[in-house]
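Asks: Chains as they are written, first to last, in the working numbering: chain B, 31 to 194; chain P, 31 to 194.
Number of protein chains: 2
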Amino acid sequence: MNIGKAAEASGVSAKMIRYYESIGLLAKAARRENGYRDYDERDVHDLRFIKRARNLGFSVEATGDLLALWRDKSRASADVKSFAMRHVSDLEAKISELQAMTRTLRHLASHCHGDERPDCPILDDLATPGAGETDQDAQVNRAKVRKPRDAGTQIRSFRRPVTA
Amino acid sequence: MNIGKAAEASGVSAKMIRYYESIGLLAKAARRENGYRDYDERDVHDLRFIKRARNLGFSVEATGDLLALWRDKSRASADVKSFAMRHVSDLEAKISELQAMTRTLRHLASHCHGDERPDCPILDDLATPGAGETDQDAQVNRAKVRKPRDAGTQIRSFRRPVTA
DNA sequence: CTGCACCTTCCCACAGTGGTAAGGTCAAGG
DNA sequence: CCTTGACCTTACCACTGTGGGAAGGTGCAG
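(1) Against chain B, which members of the segment 104–131 of chain P pass a CB distance test of less than 7 Å?
(2) Which residues in the same chain as cysteine 142 of chain P place their Cβ atom closer than 8 Å to its Cβ, once the five residues preceding and following it in sequence are excluded?
(3) Straight-line CA distance for glutamate 63 of chain B to glutamate 51 of chain B?
(4) Counting only C-beta atoms, is glutamate 146 of chain P closer than 8 Å to chain B at any point?
(5) How about isoleucine 152 of chain B: is its C-beta nearer than 8 Å to some C-beta of chain P?
(6) So which residues on chain P does histidine 143 of chain B lean against when the C-beta distance must stay under 7 Å?
(7) Consider the Cβ of alanine 59 of chain P: report whether some Cβ of chain B lies at a distance smaller than 8 Å.
(8) Rounded to whole angstroms, how far is the Cβ of aspartate 70 of chain P from the Cβ of methionine 31 of chain P, which I believe are closer than 8 Å?
(9) If you pair each beta-carbon of the segment 84–100 of chain B with each one of the segment 96–106 of chain P, do three or more pairs fall below 8 Å?
(10) Quick one: list the residues of chain B neighbouring alanine 37 of chain P, beta-carbon separation under 9 Å, in chain order.
(11) Determine the closest residue to alanine 83 of chain B out of B:Arg147, B:Ala108, B:Gln129 and B:Leu55, with distance taken between C-alpha atoms.
(12) Following the continuous alpha helix (DSSP H) through aspartate 120 of chain P, name the residue where it begins and the one where it ends.
(13) Is the number of C-beta pairs between the segment 111–120 of chain P and the segment 132–146 of chain B that are closer than 8 Å three or more?
(14) Going along the chain, which residues of the segment 69–80 of chain P sit with their C-beta nearer than 8 Å to a C-beta in chain B?
(15) Flag this pair as yes or no: are the beta carbons of glycine 87 of chain P and methionine 131 of chain B separated by less than 8 Å?
(16) Roughly how many whole angstroms lie between the Cα atoms of glutamine 41 of chain B and arginine 78 of chain B?
(17) Nearest to serine 140 of chain B by CA position, among P:Glu91, P:Ala59, P:Lys35 and P:Ala108, is which residue?
(18) How would you label serine 119 of chain P, buried or exposed, when you count the other beta carbons within 10 angstroms and need 16 or more for buried?
(19) Under the rule that 16 or more other beta-carbon atoms within 10 Å means buried, what is serine 89 of chain B, buried or exposed?
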């Protein structure tokens with residue numbers, strides 16, 4: 031099976047398949063005479079596993095650990111469970127961090143007229159020393175979570191020098 | 031004021047101050063005879079503004095927009111409010127994405143014995159085509175949120191080739 | 001044979017942040 | 001006066017993932 035087919039079958043782009051192979055997450059693919067990578071069902075299976083783990087927010091690194099756990103038929107289910115639950119804690123830390131942000135922002139916004147007048151408590155707050163920190167919350171939450179694939183839908187609007 | 035003092039006073043590292051200047055988020059700093067950057071209270075104020083915006087999860091890009099809004103004394107508060115609320119939506123999209131992940135993981139983990147036996151529904155699920163997707167949720171949430179500063183607290187454990 | 005779809009490798013970009021190396025500057029203390 | 005140490009300067013490199021594209025080979029269909 032060509033890389034294109036494997037990509038289609040697994041939902042992992044050809045680009046990413048090569049990348050995963052290059053960092054050692056994936057075993058080196060078999061090659062055909064012509065140099066093309068050749069995949070079989072087991073490879074596609076691994077790719078789907080990876081895809082799924084990534085969708086659950088596991089980093090590529092953690093995904094490697096999961097794959098290793100999966101291959102190690104003698105691991106204790108407790109190991110897997112604790113691994114997963116550690117990830118859940120990371121996720122939840124991230125969630126409460128984001129929630130603190132939305133709380134603060136909604137609070138500020140609720141005091142903003144939202145009309146033609148220029149005065150706005152949101153900016154005033156940002157511009158005021160010692161105001162709305164969100165940091166007591168944020169300070170605690172230093173997990174590494176970063177959900178994969180986010181780059182497509184961007185907002186793009188800044189990019190000219192602010193002053194010059 | 032030296033960059034070090036400005037960093038201390040604003041909570042933005044010297045490194046980041048230079049970076050923000052280099053990408054045009056911050057005006058080019060005044061220089062003294064010796065080439066050292068020189069900051070005054072207004073600069074520190076801007077830095078604190080940036081710091082605060084970043085803590086609220088605004089991207090550097092969005093922070094530039096906020097700074098521009100703040101400097102534009104004639105902007106309507108409605109503009110600021112809608113800008114902030116768009117960000118809140120992004121945050122909330124991210125939150126529900128992460129929540130979907132934790133839900134799925136907690137669900138899987140709840141079916142895992144977590145003992146010495148090797149069989150584990152978590153891995154089984156990852157390894158099974160068509161199982162626990164989280165993707166209907168995730169599909170919708172493609173905002174660009176990515177809270178700043180996360181790199182310090184890493185997990186580090188993977189890095190040897192999975193097969194070789 | 002031509003054209004098109006696929007494959008290969010390699011380098012670039014993105015967002016932020018930290019690290020570090022090689023050098024200049026400056027003030028304090030011997 | 002000279003050394004030491006704390007600061008500053010620039011310029012690179014790393015990380016995490018992902019996509020884009022160039023330059024070239026391959027393979028199949030018409």
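We put the CB at the ideal spot given by N, CA and C, even for glycine.
Replies: This is what the structure gives:
(1) If the cut-off is 7 Å between Cβ atoms, the segment 104–131 of chain P has Ser104, Arg105, Ala106, Ser107, Ala108, Val110, Lys111, Ala114, Met115, His117, Val118, Leu121, Glu122, Lys124, Ile125, Glu127, Leu128, Gln129 and Met131 near chain B.
(2) For cysteine 142 of chain P, the CB contacts under 8 Å within the same chain, skipping 5 residues up- and downstream, are Cys150, Pro151 and Ile152 in chain order.
(3) In a straight line, the C-alpha of glutamate 63 of chain B is about 19 Å away from that of glutamate 51 of chain B.
(4) It does; some Cβ of chain B falls within 8 Å.
(5) At least one beta carbon of chain P lies nearer than 8 Å to the beta carbon of isoleucine 152 of chain B.
(6) Under the 7 Å cutoff, chain P gives Ser107.
(7) False, the Cβ-Cβ gap to chain B never drops below 8 Å.
(8) That pair is a contact at about 7 Å.
(9) Fewer than three pairs of CB atoms, one per stretch, sit closer than 8 Å, so the segment 84–100 of chain B makes no contact with the segment 96–106 of chain P.
(10) Residues of chain B with a Cβ closer than 9 Å to the Cβ of alanine 37 of chain P do not exist, since the nearest Cβ in that chain sits about 15 Å away.
(11) That would be B:Leu55, whose Cα lies nearest to the Cα of alanine 83 of chain B.
(12) Start and end: 107–140.
(13) Result yes; three or more Cβ-Cβ pairs closer than 8 Å.
(14) Those residues of the segment 69–80 of chain P that come within reach of chain B (Cβ to Cβ, closer than 8 Å) are His75, Arg78 and Phe79.
(15) Their beta carbons are under 8 Å apart, which means glycine 87 of chain P touches methionine 131 of chain B by this criterion.
(16) One point to set straight first is that residue 41 of chain B is glycine, not glutamine, in the sequence displayed. Each residue's CA atom was taken as its position, placing glycine 41 of chain B and arginine 78 of chain B some 7 Å apart.
(17) Serine 140 of chain B has its Cα closest to that of P:Ala108, out of P:Glu91, P:Ala59, P:Lys35 and P:Ala108.
(18) Serine 119 of chain P should be labelled exposed.
(19) Per the 10 Å Cβ criterion, buried.
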